[in-house]
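**Student:**
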Amino acid sequence: MSFWALFSKELLRFLKVSVQTVAAPVLTALLYLVIFGQVLEGRLQVFDGVRYSAFLVPGLVMMSILQNAFANSSSSLIQSKITGNIVFILLAPISYAEFFWAYVAASVARGLAVGAGVLAVTVGFVELRLEAPLWTLAFALLGAALLGALGVLAGIVSDKIDQLAAFQNFVILPLTMLSGVFYSVHSLPGFWRELSHANPFFYMIDGFRYGFFGASDVSPWLSGGIVVLSFLTVAAVCLALLKSGYKLRS
Amino acid sequence: MIAGLARADAGSAAVMGADAVADYRRARRLLGVVPQELVFDPFFTVRETLRIQSGYFGIRGNDAWIDEVMEHLDLASKAHANMRSLSGGMKRRVLIAQALVHKPPVIVLDEPTAGVDVELRQGLWQFVRRLNRDGHTIVLTTHYLEEAEQHCGRIAMLKAGRIVALDSTRNLLAGFAGSRTTARVVARDGAQYTLELRGYGELESELARLRAQGVEIADLELERPDLEDVFLRLTGS
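Line by line, the protein sequences give chains A and B.
FYI, in the working numbering the residues of the first sequence are 1 to 250.
FYI, in the working numbering the residues of the second sequence are 1001 to 1237.
1) Report, in whole angstroms, the separation of the C-beta atoms of Ala1183(B) and Leu1222(B), which I expect to be a contact under 8 Å.
2) If you drop the 5 nearest sequence neighbours on each side, which residues of the same chain put their C-beta closer than 7 Å to that of Ala120(A)?
3) Any beta carbon from chain A within less than 9 Å of Glu1048(B)'s own beta carbon?
4) Identify every residue that forms a DSSP beta bridge with Gln1192(B).
5) Candidates Leu153(A), Ile94(A), Leu33(A) and Glu41(A): which alpha carbon is nearest Leu69(A)'s?
6) Name the chain C residues whose beta carbon is nearer than 9 Å to that of Ile1052(B)?
7) In whole angstroms, what separates the C-alpha of Met1157(B) from that of Arg1180(B)?
8) Using beta carbons (cut-off 9 Å, strictly below), is Arg1029(B) in contact with chain A?
9) In chain order, what residues of the same chain lie with their CB nearer than 8 Å to the CB of Ser80(A), ignoring the 5 residues before and after it?
10) Report the start-end ranges of each alpha helix (DSSP H) in the segment 169–237 of chain A that is 4 residues or longer and not cut off at the edges.
11) To the nearest angstrom, how far is it from the Cα of Ile1138(B) to the Cα of Arg1154(B)?
12) If you draw a straight line from the alpha carbon of Val39(A) to that of Gly124(A), how long is it in whole angstroms?
13) Among residues of its own chain, excluding the 5 on either side of Tyr52(A), which ones have a beta-carbon nearer than 6 Å to its beta-carbon?
14) Taking the alpha-carbon positions, what's the Phe100(A) to Leu239(A) distance?
15) My output table needs one value for Gly111(A): the three-state DSSP class, helix, strand or coil.
16) By a C-beta neighbour count over all protein chains shown, 10 Å radius and 16 as the cutoff for buried, is Pro174(A) buried or exposed?
17) Taking all protein chains shown into account, do 16 or more other C-beta atoms lie within 10 angstroms of the C-beta of His1080(B), making it buried, or fewer, making it exposed?
18) Taking 9 Å as the threshold (beta carbon to beta carbon), is Asn85(A) in contact with chain B?
19) At 8 Å on the CB atoms, spell out the chain B contacts of Lys81(A), in chain order.
20) DSSP on Thr1142(B), reduced to helix/strand/coil?
21) Between Ser179(A) and Phe213(A), is the Cβ-Cβ spacing less than 9 Å?
22) Can you give, in chain order, each stretch of the beta strand (DSSP E) that sits fully within the segment 130–165 of chain A and has at least 3 residues?
23) Using beta carbons (cut-off 9 Å, strictly below), is Ile94(A) in contact with chain B?
24) May I ask you to list the residues that DSSP assigns as paired with Thr122(A)?
25) Can you name, in chain order, every residue of its own chain whose Cβ lies under 7 Å from the Cβ of Gly1149(B), other than the five neighbours on each side?
26) Put Asp1019(B) into one of helix, strand or coil per three-state DSSP.
27) According to the Cβ coordinates, are Gly207(A) and Ser216(A) closer than 9 Å?
28) Could you please give me the residues that DSSP links to Leu1219(B) through a beta bridge?
29) Excluding the 5 residues preceding and the 5 following Leu188(A) in the sequence, name in chain order all residues of the same chain whose CB lies nearer than 7 Å to its CB.
30) Between Lys243(A) and chain B, is the shortest Cβ-Cβ distance under 9 Å, so that the two count as touching?
31) Arg1007(B): buried (16+ other C-beta within 10 angstroms of its C-beta) or exposed?
32) State the start and end residues of the unbroken beta strand (DSSP E) segment that holds Met1157(B).
33) What number of angstroms, rounded off, separates the C-alpha of Ser8(A) from the C-alpha of Leu1166(B)?
34) Closest by CA to Ile94(A), which one among Lys16(A), Val61(A), Thr176(A) and Phe3(A)?
35) Per DSSP, which residues does Arg1162(B) bridge with? Please list them.
36) What are the residues that DSSP puts in a beta bridge with Asp1110(B)?
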């Protein structure tokens, strides 16, 4: 019950500013598609019979899901901490697990809303197959949940907006950009290919793309396993921090 | 600590028997806290804020009570105003309304009048007295000792995190008055006398002594100790 209240408050929060939280990232993704799709179309062939722009779209969708899921929980938490209104949640009979899941669920909702928006505006430009929709859905959910949880973690640990921005710019953004959104990591030289395999974001993009084309760099089972494991790890850290009251309760 | 905002190094706290840690859900439902700082969520209107707050406490469809609370706090006309647009006094009222959405039997007011204008302060005390009459226990923390003296039945004095006194207001004052009272006497010829008394009982004999010396008393002022005196004495400052 308290979970639902916190979850719907978080939903209402980003829906009230949906131009900024949903429409803006959709436009960004569309610009990526127009520019990269135009420049690289015909120069890059990743999967047989798949044009570059079609290859690019699922990557952009997933990138938008991940970045917005992270942005939702992290910015909401840091704002509540800085303005002090987090006290209302801390004073209420809400368990630390409800706290965690409400923020993650709202992040998933924002991620999926933006992802659906990106898909809706880009699908007209490209020919897209959907070979295994369940994989697509599973990776969208898992990826959004993982980034939502990372957002909770960053929101708890950061004391100031610039610390959070540093986390976003120096960790989240490079990991997304280097995850194979714009290319297949198989086209990279050996060292960089191996390095990409250490990036958990690579598995989310790769698995999500598998759902569309039925082809991927690594098995979706492996990707799925790594994403689930990453989520469980981050969730465990978040729950432990929340239980201890770290930086929230003195 | 009672509300769960801080953790105890040792010992325990309970709200009407509900342990603040082991039984925190019940403890927090029994408690309404009005924070000292003017905190608010700029995304929402007054009514949304109060609805969300009700939800945190597991209450749905709370609009009838929300309306009533807003009415008492003169907030009804601002129901659809964004929190950001409210004046400081109005924000303070919303904080009080938020603490009341779940009808808690115990209400904690953390320095509610710090930086508050006279009108709101009077209205606030009126409302708080009403809540108290309706059976709510009010816990007031304040630096203004005259506020405590005026409104509270029982007072705990804290210094550097330790309780230095805990008694009814009357006993605290009487206990102190019993040990030291000052009487200022002005004679008809304009001379002034200050009498240090060990309790009111000594007043009569001291005045008699003055009269015996031929002093005609024109005016008499008894300096009653207030809580500030009590506090200063107890803390040895």
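The beta carbon of each residue, even a glycine, is placed where N, CA and C say it ideally should be.
**Tutor:** This is what the structure holds:
1) 5 Å
2) none
3) yes
4) Val1186(B)
5) Per the sequence shown, residue 69(A) should be read as Ala rather than Leu. The shortest C-alpha separation from Ala69(A) is found at Leu153(A).
6) No chain C appears in the structure shown, which is made up of the protein chains A and B.
7) 20 Å
8) yes
9) Ile86 and Ile89
10) 173–177, 190–196 and 200–213
11) 10 Å
12) 18 Å
13) Leu40, Glu41 and Leu44
14) 7 Å
15) helix
16) exposed
17) exposed
18) yes
19) What Lys81(A) touches in chain B: nothing, since even the nearest Cβ is about 11 Å away.
20) coil
21) no
22) none
23) yes
24) DSSP lists no partner for Thr122(A).
25) Checking the displayed sequence, the identity of residue 1149(B) turns out to be Glu instead of Gly. Cβ neighbours of Glu1149(B) beyond the five flanking positions: Thr1169, Asp1226 and Leu1227.
26) strand
27) yes
28) The amino acid at residue 1219(B) is misidentified as Leu; the sequence shows Asp. Answer is Val1186(B).
29) Ser196
30) no
31) exposed
32) Arg1154 to Lys1159
33) 44 Å
34) Phe3(A)
35) Lys1159(B)
36) Thr1141(B)
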